[in-house]
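Asks: First the structure, then my questions, so here it is.
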Amino acid sequence: MIKKIFLSTLMILFLTLALMGFLTLNNSKSLYYDFVEDGLDRALSAIELSISGTEDFYNAESNTMIQNTVLNNEYRITLIDNKGNVVYDTDRDAETMENHLDRPEVKSAFADEPKRTIRHSDSIKADMMYLARKIYLDEAETAVVRLSMRLSLTEDIYYQSLKNMLFYILFSFFVAAFFSRYILAYLLKPVKEISLFAKSIAGGNYTERMTWFKRDEIGDLTDSLNDMADELQDTFNLLSDRNSELEVILANIVDGIIAIDNNMSVKIINKSAKEILEITENEKVIGKNIFEIIRTIKIFDELKRFVDDVNSGTLVSFESEISGKIVRLTISKISENDFVQGYILVLQNVTQIRKLENIRKDFVANVSHELKTPITSIKGFIETLKEGVEDERTREQFYNIIHMETERLIDLVEDILTLSFLDNENNIKGLNKEWIDPKTNLEEAVEISKNLAKEKGIEIKVETSENLPRVLFNKDYFRQMCLNLIGNAIKFSNENSQIIIRMYKDPKSVKLEVLDSGIGIAEEDLERIFERFYRVEKGRARKEGGTGLGLAIVKHIVQSQGGEIKVSSKVNEGTVFTVSFNYVKNDLSGNDLY
Ligand code: ADP
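Heads up, the sequence shown is in my numbering, so the first residue is 173 and it goes up one at a time.
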């Protein structure tokens, strides 16, 4: 910038100086011509006086004025009669000279309007100034005296002046150039500062301000720029506040939100969307094509159809599987003035909801099936009995079966009711809990189970630590949990075997272990035994009178009390169920409760 202004200044300076030089030179030239003309005019007056009314016009050599003038002034004198014939000439032989009537200076002299003429003389090879005057030889006869002078001096003066002029021009040019550089730098300093300030603002540094104390144009500009920076800072703060608010809102929305533009590039993506799509927190997805981050054909097709179809409405909703999850996607248009700017994708992870729906559906189907079996059996035996059974023993046997199936039905309905009660969180919250002594309650359950164990010759060994702390538990459910676990141990143990029940305390919890050396559970079934109606060997389990709901109930009871249940087993070696109760949590004083 400085360079450009500097060069322009130099150019203007040079042109101005050159023009000035040219004008001055021309002026001096015209002054010099005036000076020569003045000399010629005065000499003409003197000659006119000396020859008017004399015979000297035709006898010039005898006129002293003419001769002196020639001698002193290097003038050429030409006397011309009124017909234009040269009568006398100081430089040439008058007789050889042509008629001079057509010479401009002669013409103007005869016309009484004497005018100087400058012409190049080929014979002398120089510019000449001519001035002529009409004189009266007598009353009737006129003639012209013409004086001319070689203007060789003009050229000398001209070239000398030109040389001087050039020298002055160059000198003043360099002096001006030298100073103008510093003056320019000084004058342009605020412009440079303003430019740096503007750059800094453009770079996002909205807190920067300029100071300029002089009340001049730069001062006004500085004030305006500072005002502009204030407004920019306010706008920026407002926008960044809004942006943070939006970010906080987006981050806290449970549903995944993705905004894309018309080119399918991701503009906004929130945390939940990243979680659903299994994108790590730090991975940069902004600007990527949506199909780079969701690679599901169904979504591609649906989104494409929605985008391409002008009659597709404002939103579309469908379910699709993404990374093993069932996701409900709602796509809507971002429109402004009927012009679609982009699309919003809302992703809801409905895996759990669909899973629960399936569990419920399966449960209903299983319950119907489980109920149907004993009811059909009872119906069959009653119909047979109605038709009449002669044999007393057979009749007795049928009654026993009907009784047994009825008991099964009652057990099943009771288990279903217990489960549905435990399914309801409000029921669990309202459950009557008390600080129970786990050892006494366990021993009561063992006592009840002993009859069943006796039938199979199974011995139940109880090993409990002394001084077990009390646990906060619903008494009935604690007993049911123990009965279910011990009952299973008896059911799935071989005859004359042993069941060991341990209860002890570790730093964090009270633990209950039920060990048997029965048939065991295969690895692949271990995960599923807590599911409703899941039985490893359906036939054996039914024969043993199980409903397939026992462990599901135990798990619900343990979880409702904030505990944990684990199982480990080996086929044909035995099974261990371990339940942990977090007793410390239950005591507000932080001490064990005995
Ligand atoms: P069930 O009423 O049939 O006993 P549960 O829910 O109590 O139903 O148990 C589910 C299944 O887990 C049983 O059918 C059985 O196959 C298996 N099981 C439970 N406890 C044991 C155990 N101690 N030993 C071997 N298998 C067991």
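Glycine included, each C-beta is placed from N, C-alpha and C at the ideal position.
By the three-class DSSP mapping on this structure, what secondary structure does arginine 248 have?
Replies: For this step, residue 248 is matched to residue 76 along the sequence shown. Correct three-state label for arginine 248: strand.
Asks: Measuring alpha carbon to alpha carbon, tell me which of Leu684, Glu220, Leu519 and Glu736 ends up nearest alanine 431.
Replies: Against the sequence shown, residue 431 aligns to sequence position 259. Comparing Cα positions, the closest option is Leu519.
Asks: Where do the ends of the alpha helix (DSSP H) carrying glycine 722 lie?
Replies: Walking along the sequence shown from the start, residue 722 turns up at place 550. Start and end: 722-732.
Asks: For leucine 760, does the count of other Cβ atoms within 10 angstroms reach 16, so buried, or fall short, so exposed?
Replies: Taking the sequence shown and counting its residues from 1, one reaches residue 760 at position 588. A caution first: leucine 760 carries a pLDDT of 46, below 50, which makes its placement in the model too unreliable to give a value.
Asks: If we ignore side chains and look at the alpha-carbon of each, how far apart do glutamate 699 and isoleucine 506 end up?
Replies: Residue mapping note: residue 699 aligns to position 527 of the sequence shown, counting from 1. Residue mapping note: residue 506 aligns to position 334 of the sequence shown, counting from 1. The straight-line gap from Cα to Cα measures roughly 47 Å.
Asks: CB of glycine 121 to nearest heavy atom of the ligand ADP: below 6 Å?
Replies: Residue 121 lies beyond the stretch modelled for the chain, which goes from 173 to 766, so this question has no answer here.
Asks: Express the C-alpha separation of serine 333 and phenylalanine 339 in angstroms, rounding to a whole number.
Replies: The residue labelled residue 339 in the question sits at position 167 within the sequence shown. The residue labelled residue 333 in the question sits at position 161 within the sequence shown. The straight-line gap from Cα to Cα measures roughly 10 Å.
Asks: Helix, strand or coil for serine 293, going by three-state DSSP, please let me know.
Replies: Here residue 293 corresponds to residue number 121 of the sequence shown, with the count starting at 1. Strand at serine 293.
Asks: So isoleucine 498 is in the beta strand (DSSP E); what residue range does that whole segment cover?
Replies: As a first step, residue 498 is located in the sequence shown; it is residue number 326 there, counting from the start. Isoleucine 498 -> beta strand (DSSP E) spans 497-508.
Asks: Could you tell me the boundaries of the alpha helix (DSSP H) in which leucine 191 lies?
Replies: Counting from 1 along the sequence shown, the entry for residue 191 is found at position 19. Looking at the DSSP string, the run of the alpha helix (DSSP H) that includes leucine 191 is 174-223.
Asks: Using DSSP's beta-bridge definition, name the partner residues of leucine 657.
Replies: Within the sequence shown, residue 657 is the residue found at index 485, counting from 1. DSSP, once it has assigned bridges, lists no residue as partnering leucine 657.
Asks: Quick one: grab the DSSP three-state call for serine 740.
Replies: Position 568 of the sequence shown, counting from 1, holds the residue named residue 740. Looking at serine 740 - three-state DSSP - the assignment turns out to be strand.
Asks: Should isoleucine 355 go down as buried or exposed, given a rule of 16 or more other Cβ atoms within 10 Å for buried?
Replies: Start at 1 with the first residue of the sequence shown, and residue 355 comes out as number 183. By the neighbour-count rule (16 or more Cβ atoms within 10 Å), isoleucine 355 is not buried but exposed.
Asks: Please list the terminal residues of the continuous alpha helix (DSSP H) segment that includes glycine 391.
Replies: For the purposes of this step, residue 391 is taken as the residue at position 219 of the sequence shown. First-last of the alpha helix (DSSP H) with glycine 391: 389-424.
Asks: Here's the rule: buried if 16 or more other CB atoms are within 10 angstroms of the residue's CB, otherwise exposed. What is glutamate 559?
Replies: Mapped onto the sequence shown, residue 559 falls at position 387. Looking at its Cβ environment, which holds fewer than 16 other Cβ atoms inside 10 Å, glutamate 559 is exposed.
Asks: Taking 7 Å as the cut-off, decide whether the C-beta atoms of isoleucine 498 and valine 522 are in contact.
Replies: On the sequence shown, position 326 is the one that residue 498 refers to. On the sequence shown, position 350 is the one that residue 522 refers to. For isoleucine 498 and valine 522, yes; Cβs fall inside 7 Å.
Asks: Any chance you could list the alpha helix (DSSP H) runs of at least 4 consecutive residues sitting entirely within the region 575-614, in chain order?
Replies: Here the runs fully enclosed are 597-601.
Asks: With a 10 Å radius around its C-beta and 16 neighbouring C-beta atoms as the bar for buried, classify methionine 183 as buried or exposed.
Replies: The residue given as residue 183 occupies position 11 in the sequence shown. Methionine 183 comes out exposed.
Asks: Are the region 638-657 and the region 724-742 in contact at 8 Å, needing three or more beta carbon pairs?
Replies: yes
Asks: Would you kindly report the start and end of the unbroken alpha helix (DSSP H) that includes threonine 545?
Replies: Locating residue 545 in the sequence shown gives position 373, counting from the first residue. First-last of the alpha helix (DSSP H) with threonine 545: 523-559.
Asks: Does threonine 747 pass the burial test, meaning 16 or more other C-beta atoms within 10 Å, or should it be called exposed?
Replies: Here residue 747 refers to the residue found at position 575 of the sequence shown. By the neighbour-count rule (16 or more Cβ atoms within 10 Å), threonine 747 is buried.
Asks: Would you say the beta carbon of arginine 707 is closer than 6 Å to some non-hydrogen atom of the ligand ADP?
Replies: Along the sequence shown, one-based indexing puts residue 707 at 535. Arginine 707 Cβ: within cutoff of the ligand ADP.
Asks: What's the call for glycine 459, buried or exposed, on a 16-neighbour Cβ count within 10 Å?
Replies: If you number the sequence shown from 1, residue 459 lands on position 287. Classified as exposed, glycine 459 has fewer than 16 neighbouring CB atoms from the shown chains inside 10 Å of its CB.
Asks: Please list, in chain order, all residues of the same chain as alanine 370 whose beta carbon is under 8 Å from its beta carbon, the five residues on each side excluded.
Replies: Along the sequence shown, read from residue 1 onward, the residue named residue 370 stands at position 198. These residues qualify, in order along the chain: Leu397.
Asks: Going straight from the alpha carbon of glutamine 405 to that of asparagine 599, what length do you get?
Replies: For the purposes of this step, residue 405 is taken as residue 233 along the sequence shown, with counting starting at 1. For the purposes of this step, residue 599 is taken as residue 427 along the sequence shown, with counting starting at 1. Answer to the nearest angstrom: the Cα atoms are 57 Å apart.
Asks: Which word fits lysine 176, buried or exposed, when buried means at least 16 other C-beta atoms lie within 10 angstroms of its C-beta?
Replies: Taking the sequence shown and counting its residues from 1, one reaches residue 176 at position 4. That one is exposed.
Asks: Have a look at alanine 348 and threonine 407 and give me their C-alpha separation to the nearest angstrom.
Replies: The residue given as residue 348 occupies position 176 in the sequence shown. The residue given as residue 407 occupies position 235 in the sequence shown. Each residue's alpha carbon lies about 48 Å from the other.
Asks: Can you give me the Cβ contacts of threonine 181 inside the same chain, cut-off strictly under 6 Å, excluding the 5 residues immediately before and after it?
Replies: Here residue 181 refers to the residue found at position 9 of the sequence shown. Result list for threonine 181: Ser352, in chain order.
Asks: Tell whether a beta-carbon distance below 7 Å holds between glutamate 450 and serine 495.
Replies: For this step, residue 450 is matched to residue 278 along the sequence shown. For this step, residue 495 is matched to residue 323 along the sequence shown. Taking 7 Å as the cut-off, the Cβ atoms of glutamate 450 and serine 495 count as close.
Asks: Would you kindly work out how many angstroms separate the C-alpha atoms of lysine 683 and alanine 724, rounded to a whole number?
Replies: Walking along the sequence shown from the start, residue 683 turns up at place 511. Walking along the sequence shown from the start, residue 724 turns up at place 552. About 19 Å.
Asks: Could you compute how far the alpha carbon of isoleucine 608 sits from the alpha carbon of tyrosine 755?
Replies: As a working note, residue 608 is residue 436 in the sequence shown. As a working note, residue 755 is residue 583 in the sequence shown. When rounded, the distance between both Cα atoms is 11 Å.
Asks: Helix, strand or coil: which one does DSSP assign to glutamate 447?
Replies: The residue you call residue 447 lines up with position 275 of the sequence shown. Helix.
Asks: Which same chain residues end up closer than 7 Å to isoleucine 373 when comparing Cβ atoms and leaving out the 5 residues on each side of it in sequence?
Replies: Residue numbering aside, residue 373 sits at position 201 when the sequence shown is read from its first letter. So the qualifying residues of the chain are Glu380, Ala401 and Leu404.
Asks: Could you name the residues that DSSP lists as bridge partners for isoleucine 430?
Replies: As a first step, residue 430 is located in the sequence shown; it is residue number 258 there, counting from the start. Paired residues: Ile441 and Leu517.
Asks: Whose C-beta lies closer than 8 Å to the C-beta of valine 739 among residues of the same chain, with five residues either side of it excluded?
Replies: As a working note, residue 739 is residue 567 in the sequence shown. Same-chain partners within the cutoff: Ile693, Leu698, Ile701, Thr747, Val748, Phe749 and Thr750.
Asks: On the three-state DSSP scale, how would you describe phenylalanine 463?
Replies: Here residue 463 refers to the residue found at position 291 when the sequence shown is read from its first residue. In the structure shown, phenylalanine 463 sits in a helix (DSSP, three-state: H, G or I).
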